[in-house]
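Remarks on the structure that follows.
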């Protein structure tokens, strides 16, 4: 209870995870935790492979990474 005289048990957790707003927020965070690093790693790998295969790769890397 709010007075602090009784043990709430798992009622607070039940209320938390049955709230639609919290469930949506947890789903959105899980998507970002999986999606963003995967895309960033894939793009970085593609970029690295492509810069190794072009003729002006060293100059291009210099222009991209110097700023």
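In this note's numbering, the protein residues as written are 31 to 97. Positions of the beta carbon are idealized from the N, C-alpha and C atoms, including for glycine.
- Rounded to whole angstroms, the separation of the alpha carbons of residue 81 and residue 91 is 7 Å.
- Straight-line spacing of the CA atoms in residue 76 and residue 69 works out to 10 Å.
- Rounded to the nearest whole angstrom, the CA to CA distance from residue 55 to residue 43 is 15 Å.
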